[in-house]
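See structure below.
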Amino acid sequence: MAWSVPASAEPLELRIPQHSLTHYVQELLQRAFEAAGGKAIVTPANDPLSHGRMMLLVERQEGLDLFWRGEDADLKKRFLEVEFDLTDGLKGVRVLFVRPDDKDLYAHVQSLDEFRALGTIGAMGYDWNDVQIWEVNGLPVDLTREHWNPAIYNKLAAGRPGVDYFSRGIIEMAVEAPQHPELAVEPHLQLVYENDFRLYVSKDRPDLHKLLTDVLKSADAQGILQQTLRDVFPDIFRPDGLNIEGRRIIPLAMPVP
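Residue numbers (my numbering): 15 to 271.
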């Protein structure tokens, strides 16, 4: 049964970070509130922010009302987590940016053991939760402490030793691939783990936490989540695009909590 915003509710103003998923989150929230009989005015920040800065602003309620990040035990302690998979699991579908000459390097890889045996090294930000996932699966990583964008793209494109690929969620790849013609999208594999983006709000905003939870779960039950994904990221589902259905699945284990 669809959930409804109380008829007397004023439009909700939400300030969100600037990020590769900003347009999608903005669209999803606006559609979800509209389906619930309400209205959300969702305004992105003017400039990208580091993860640390985002968290601080949300905690202090200074300029941001929420942020999103992969499920994380520490974040659950520090913030109120909206228990809703923001991308219906697509965050955990990882595809690779590679140098154009390496586009077919993984063409014959059928398993994690075969992927691991190539000895290629992935680039990541030093505080990303993906780092632990790669380590648990025996996959080497090169960690970047400076702002990952554009540092990691530049490292990979420059052909620096020790950086062979950059793993991105397939949703992020749909946004970023056109922005980086100097790189190629590896066409054969999807490395998959069970973890999704969650919204996080200040512990001082239990009202906002409950409202977001109710509205998003109602939207999911009405098919709005899947429709928004397909409308905003059509390239993911096209056979001549990122072709999620045509990629071989390489399962990754998650760290034990």
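By construction, the Cβ of each residue, glycine as well, lies at the ideal position given by its N, Cα and C atoms. Quick caveat: nothing in here was measured; it's all calculated off a predicted structure.
From the options, residue whose alpha carbon lies closest to that of residue i
i, options, result
"G260", "R113, L266, I250, P269", "I250"
"T36", "Q240, F247, Q146, G52", "F247"
"F81", "M69, V206, K217", "M69"
"V270", "E48, E149, L243, A233", "E149"
"A87", "L43, G173, A121, F211", "F211"
"K60", "G77, Q44, A171, A50", "One point to set straight first is that residue 60 is Asn, not Lys, in the sequence displayed. Measuring from the Cα of N60, the nearest candidate turns out to be G77."
"S64", "Q75, A50, G51, Q32", "Q32"
"R159", "N151, M268, V145, F129", "V145"
Reduced DSSP category for residue i - H, G, I as helix; E, B as strand; rest coil
i, result
"L213", "strand"
"E73", "helix"
"T227", "helix"
"D61", "strand"
"V246", "helix"
"A54", "strand"
"R252", "coil"
"L26", "strand"
"E190", "helix"
"S232", "helix"
Closer than 8 Å to chain D by CB, residue i
i, result
"T134", "As a matter of chain content, chain D is missing from the structure shown, which is built from one protein chain."
Counterpart residues of residue i in DSSP-defined beta bridges
i, result
"Q204", "I263"
"T101", "Note: T101 sits in no beta bridge, so no partner."
"V155", "G136"
Extent of the continuous alpha helix (DSSP H) to which residue i belongs
i, result
"F111", "Per DSSP, F111 belongs to no alpha helix (DSSP H); it is in the beta strand (DSSP E), 107-112."
Span of the beta strand (DSSP E), counted from its first residue to its last, around residue i
i, result
"Q146", "First-last for Q146: 144-150, but that is the alpha helix (DSSP H), not the beta strand (DSSP E)."
"M138", "136-139"
"F81", "81-84"
Whole-number beta carbon distance between residue j and residue i, since they are thought to touch under 8 Å
i, j, result
"A137", "K169", "6 Å"
"H202", "Y167", "With 8 Å as the limit, H202 and Y167 do not qualify as a contact, their Cβ atoms being about 21 Å apart."
"I185", "Y38", "7 Å"
"A50", "S232", "6 Å"
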